[in-house]
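Numbering (the numbering used here), first residue to last: 675 to 781.
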């Protein structure tokens, strides 16, 4: 099993430019997605090797802070956008009885 980060950091290191920290983080996140897509069972030793992490604490911090919380924040933002759109829709379309009644229909 091999993810994008491991492939980039291993054999191609001489052919690629040095990554800045934000690029390294994004590549590690994409590696997690790739690995999770291909295998649902991800042992710590394989994750540590693929992500070039030296200890379990560092791995768990990365998984919690850079993967789980990021996904959670994105999901919350998506829900807030959906609820905002629903709120706008309901504010302009109350669907009360007589909503479509005009003076013309009463005469």
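Each residue gets a CB set at the ideal place from its N, CA and C atoms; glycine is no exception.
When burial is assigned at 16 or more other CB atoms within 10 Å of the CB, is residue i buried or exposed?
| i | result |
| --- | --- |
| residue 757 | exposed |
| residue 704 | exposed |
| residue 701 | buried |
| residue 721 | buried |
| residue 764 | exposed |
Are residue i and residue j closer than 8 angstroms when you measure CB to CB?
| i | j | result |
| --- | --- | --- |
| residue 724 | residue 709 | yes |
| residue 727 | residue 736 | yes |
| residue 740 | residue 699 | yes |
Going by Cα to Cα distance, which pick from the options is closest to residue i?
| i | options | result |
| --- | --- | --- |
| residue 707 | 744, 765, 695 and 693 | 744 |
| residue 718 | 711, 761 and 734 | 734 |
Could you name each continuous alpha helix (DSSP H) segment of 4 residues or more that falls completely within the stretch 727 to 752, going from the start of the chain to the end?
730 to 735
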